[in-house]
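Accompanying notes for the structure given below.
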Amino acid sequence: MSEKKFDVIALGELLIDFTENGASAQGNTLFEANPGGAPCNVLAMLTKLGKKTAFIGKVGKDQFGVHLKEVLKEAGIDTQNLVMDEKVHTTLAFVHTFEGGDRDFSFYRNPGADMMLTKDEIQMDAIAASRIFHFGTLSSTHPGVREATRSALAKAKKDGLLISFDPNLREPLWDSLEDARREIAYGLGFCDVLKISDNEMEFMTGTNDYTKGVAKLREQYSIPLILVTLGKEGSRAYYKDWMVEVPPFLQEKTIETTGAGDTFCASILNYVLEHGLEALTQDQLKEMLTFANAAASLITTRKGALRVMPEKEEVLKFIQSK
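Every letter in the sequence shown is one number past the one before it in the working numbering, and letter 290, counting from 1, is 327.
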């Protein structure tokens, strides 16, 4: 890939994740306000790995939005295309964590500022100056931001960027699951790198045999690299005629799984940036998944994600200790 200003540019949601953090003296649940949003979690990890990143999105011009902009700057993520909405507040999500780390989300987003991004607010020059365009489906739940997403995606495709897609299905945010399925299918039609979870694979293909599911997707879409995350079962890479599977790094100290998939995705994109997508070997796929699984494992021991991504040396040391 030629020299560009940014390695990865991402479009999508930036919000506050209120995560449970114990109880008060009166027995009331305490919440910690963690900066969040899957695309920016991905960018934060990529920045930790030494890559140049930029974000396209919208927050409210309120205390949370101002804070989020400062957090992105602190993380080294370019914020020139982060728009501040004068009227609509920053989106909030309350995260309930179950024993074992799984989560349930309650969103305050009707509307939320991230939904209000328009295509006219996107700086297309920044997309042209990037190597990879990354996106999910939360920026396709409503007509205006969906149009903005599709406009950015078309620009990225026209300019020859590699396109990375993480469906990141959040069922409560869709008017209907058929809408969600349609928008995921739209994203599948553009992407070169797909990171998809086990439940999303079942949602889109109707099978929990993931190799069969990948075959179904490949019948419809030409996606060079498909990564399937399997939670406590590890992850798989489907590339050419190969399926490479790597076990997880299970943690006794897991607090929550917020950001694990994003950390994994960022690690994959970092490997693609460094090795290309044309001629990966099975050994390289294993190396890529091992690092991504380890990084994802580390983030599950921390509250939040965006501000606490692991360093490369920390991940490598963790792998060597196992």
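Note that the Cβ used here is the ideal one computed from N, Cα and C, for glycine as well.
- Excluding the 5 residues flanking it on each side, P261 has same chain C-beta neighbours closer than 6 Å at D229, L314, in chain order.
- In the structure shown, the three-state DSSP call for S213 is coil.
- Secondary structure at L67: strand, using DSSP grouped into helix, strand and coil.
- For Q117, the three-state secondary structure derived from DSSP is strand.
- In the DSSP assignment, S272 falls within the beta strand (DSSP E) that extends over 272 to 276.
- Ranking A331, G64, E289, E293 by CA distance to the CA of C302 puts A331 first.
- The stretch 163 to 173 makes contact with the stretch 190 to 203; the number of CB pairs closer than 8 Å reaches 3 or more.
- Annotated three-state conformation of F55 is strand, per DSSP.
- A91 is bridged by DSSP to I46, D115.
- Cα atoms of A130 and K249: separation of roughly 34 Å, rounded to the nearest angstrom.
- When beta bridges are read from the DSSP output, G97 appears opposite D122.
- For H312, the three-state secondary structure derived from DSSP is helix.
- Residue state for M82 is assigned as helix, using DSSP reduced to three classes.
- L206 is not a Cβ neighbour of T178, given a cutoff of 8 Å.
- In this structure, N58 lies away from G296, with their beta-carbon atoms at least 8 Å apart.
- Counting along the chain, the unbroken alpha helix (DSSP H) around S334 starts and ends at 319 to 336.
- In this structure, I356 keeps its C-beta atom at 8 Å or more from the C-beta atom of P347.
- Assignment of Y247 by DSSP, reduced to helix, strand and coil, places it in the helix class.
- For V352, the uninterrupted alpha helix (DSSP H) segment begins and ends at 349 to 357.
- For S201, the pairing in a beta bridge is given by DSSP as H171, V230.
- About 19 Å separates the CB atoms of K340 and T127; that is not less than 8 Å, and the two are not in contact.
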